[in-house]
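*Asks:* Once you've had a glance at the structure underneath, I'll fire off some questions.
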Amino acid sequence: MAIENVTDKDFAEQTSKGLVLADFWAPWCGPCKMIAPVLEEIDGEMSEKVQIVKLDVDENQETASKFGVMSIPTLLLFKDGNVVDQVIGYQPKEALVDLINKHA
1 MAIENVTDKD
11 FAEQTSKGLV
21 LADFWAPWCG
31 PCKMIAPVLE
41 EIDGEMSEKV
51 QIVKLDVDEN
61 QETASKFGVM
71 SIPTLLLFKD
81 GNVVDQVIGY
91 QPKEALVDLI
101 NKHA
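Structural data, given as structure tokens:
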């Protein structure tokens, strides 16, 4: 399953079922650019366990504000619509895989 870009309009729907890792990011953010290929790798290897979505905080401030996102990248892990975990800043692949497996 490919990584999907989501908006304020479809965020709740996209994170309502199963395990979803939401990446709150912005195009000008250096660490966000560093984590993008890591997320691509995880998506390629773990798509049966987790769906990954990306939300541009500049264009979708309502959702970022709702979840109290102050720093990016912020990664929120949702399970059936509820936040079950959160990490802020660049994370190595192993840390994100462990985070996903903990809740899968």
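Residue numbers for the sequence shown follow the UniProt record's numbering, beginning at 1 and rising by one.
Idealized CB from N, CA, C, for every residue including glycine.
#1: Report yes if the CB atom of I72 is closer than 8 Å to the CB atom of A12, and no otherwise.
#2: Taking the alpha-carbon positions, what's the S16 to V83 distance?
#3: Just to confirm my understanding: we take E41, look at its own chain, exclude 5 residues before and 5 after, and list those with CB closer than 8 Å. What are they?
#4: Residue range of the alpha helix (DSSP H) that E94 falls in?
#5: Is it right to say Q91 is buried, meaning 16 or more other beta carbons lie within 10 angstroms of its own, or is it exposed?
#6: With a Cβ-Cβ cutoff of 8 Å, do L19 and I88 count as a contact?
#7: How about E4 and V53: do their beta carbons lie closer than 8 Å?
*Replies:* Looking at the coordinates:
#1: no
#2: 10 Å
#3: The beta carbon of E41 is closer than 8 Å to those of K93 in its chain, skipping five residues each way along the sequence.
#4: K93 to H103 is the extent of the alpha helix (DSSP H) around E94.
#5: buried
#6: no
#7: yes
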